[in-house]
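The structure under discussion appears below in the form of structure tokens.
Set out below in structure tokens:
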């Protein structure tokens, strides 16, 4: 895999961080001087604008805040839930998603896209993080192949208003040798960023947290 084009990565990191701060500025997630207790309180009390808290928030937001998750995982977990919990356990086995271009969930192309795209993108986001944390290029490559499948097979505005995996599309665009694929990957990233801001004119709270984590992750790319 080619090294990323940092002339693309850097501006996108700045762009995602700025968008996230429109909804999160001053919160413990974005403050460099926030204490562990402040970050813990933010994560544990988090809910969206309607007072809801998706199941995946517990492991995801803890990872974004550099914490271990509070509580225990429920018995039945979706693919993304399992991968986000695995982020917190270096010994946790990760499913073999095979190789080559294709979704992480092999049933994604067989069922209603709208009901599964968000889970797929969240899983892709988590797998990319796992690859970085564990020093496993194969996991990063598989996440990029999942993004490559999305770019080839799905409309960029299909199925989610949360920008899960937005940075994976940016990295794909930066590393691809195919100008068409690179442009399409950027289109996906741009649409994810646009969609999460349409309703309120800024990212909703969960989307802002996702954007912040994506920006931090782009800062780890070389």
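In the working numbering, the protein residues as written are 1 to 222.
Virtual Cβ for every residue (Gly too), placed ideally from N, Cα, C.
Please read these numbers as outputs of a predicted model, since none were measured by experiment.
Given residue i as reference, the closest of the options once Cα atoms are compared
i, options, result
"residue 192", "118, 145, 77", "118"
"residue 122", "80, 182, 58", "80"
"residue 187", "198, 154, 197", "154"
"residue 85", "97, 107, 57, 108", "57"
"residue 199", "130, 160, 137, 73", "160"
"residue 190", "75, 151, 146", "151"
"residue 213", "22, 63, 43, 6", "63"
"residue 137", "42, 99, 103", "99"
"residue 36", "140, 51, 69, 77", "69"
Buried versus exposed, by CB contacts within 10 Å (16 or more), residue i
i, result
"residue 39", "buried"
"residue 1", "Caution applies to residue 1, whose pLDDT of 46 falls short of 50 and renders its modelled position unreliable; the value that the coordinates give is listed next. When all chains shown are included, residue 1 counts as exposed."
"residue 176", "buried"
"residue 45", "exposed"
"residue 162", "buried"
"residue 92", "exposed"
"residue 71", "exposed"
"residue 27", "buried"
"residue 59", "buried"
Sub-8 Å separation of residue i and residue j beta-carbons
i, j, result
"residue 171", "residue 144", "yes"
"residue 185", "residue 13", "no"
"residue 206", "residue 48", "yes"
"residue 87", "residue 124", "no"
"residue 29", "residue 65", "yes"
"residue 19", "residue 203", "yes"
"residue 101", "residue 149", "yes"
"residue 134", "residue 179", "no"
"residue 232", "residue 127", "No answer is possible for residue 232: the residues shown for the chain start at 1 and end at 222."
"residue 16", "residue 173", "no"
"residue 120", "residue 96", "no"
"residue 146", "residue 103", "yes"
"residue 61", "residue 196", "no"
Simplified DSSP assignment, three categories, for residue i
i, result
"residue 49", "coil"
"residue 57", "helix"
"residue 1", "Low confidence applies here, because residue 1 scores a pLDDT of 46, under 50, leaving its location unreliable; read the following figure in that light. Residue 1 falls in the coil class under three-state DSSP."
"residue 160", "coil"
"residue 185", "helix"
"residue 199", "coil"
"residue 150", "helix"
"residue 63", "helix"
"residue 190", "helix"
"residue 210", "helix"
"residue 38", "helix"
"residue 168", "helix"
"residue 217", "helix"
"residue 11", "helix"
"residue 87", "coil"
"residue 43", "helix"
"residue 222", "coil"
"residue 95", "coil"
"residue 256", "Outside the displayed span of the chain (1 to 222) sits residue 256, for which this structure offers no information."
Proximity test, Cβ basis, 8 Å: residue i and chain D
i, result
"residue 180", "Looking at the structure shown, chain D is missing, and only one protein chain is on hand."
Proximity test, residue i beta-carbon vs the ligand GTP heavy atom, cut-off 7 Å
i, result
"residue 163", "Among the ligands in the structure shown, none appear at all, so the ligand GTP cannot be discussed."
Anticipated Cβ contact below 8 Å, residue i with residue j, distance rounded
i, j, result
"residue 83", "residue 130", "7 Å"
"residue 222", "residue 132", "No, residue 222 and residue 132 are not in contact; Cβ-Cβ is about 10 Å, not under 8 Å."
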